[in-house]
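K.L.:
Residue numbers (UniProt numbering): 1 to 131.
(1) Give me whichever residues DSSP pairs with residue 60 in a beta bridge.
(2) DSSP three-state label for residue 66, please.
(3) What residues in its chain sit with their C-beta under 6 angstroms from that of residue 69, if we drop five residues either side in the sequence?
(4) Could you give the DSSP three-state label for residue 97: helix, strand or coil?
(5) Comparing C-alpha positions only, which one of 118, 117, 95 and 105 sits nearest to residue 74?
(6) Mapping the DSSP letters down to three states, classify residue 115 as helix, strand or coil.
(7) By Cβ distance below 6 angstroms, which residues in the same chain neighbour residue 87 in space, the five residues on each side in sequence not counted?
Structure, rendered in structure tokens:
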């Protein structure tokens, strides 16, 4: 996955496919509003891309290249590092990952309930049509 500096995204926007335009504009907005912070997120984006399962291969990029499942994050045990800044960073990371997991579970539950409601409506329609 290639990451571009905001100025190069602006220059190449017209040559991109139509589905790439919304994402490139999001990159531009994000990079312009947080000029010093955007580079901090590149390793996270790379990790996300390399460890996510691709729909065509059913494997992650990491697993395709190295032949083993991609690594996962271990939970941090507070106080195991001697550097206070590292300790705070790892605690913040764990808090963000915990919140992310919670939000994903909530979204999954919402989608599941909507699907179940639709299935109930469809099955009741089938029952009434066969009676």
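Where is the CB? At the ideal position from N, CA and C, for every residue including glycine. Note that this is a predicted model, so its numbers are computed, not measured.
P.N.:
With the given structure in hand:
(1) 53
(2) helix
(3) 63
(4) helix
(5) 95
(6) Helix at residue 115.
(7) 81
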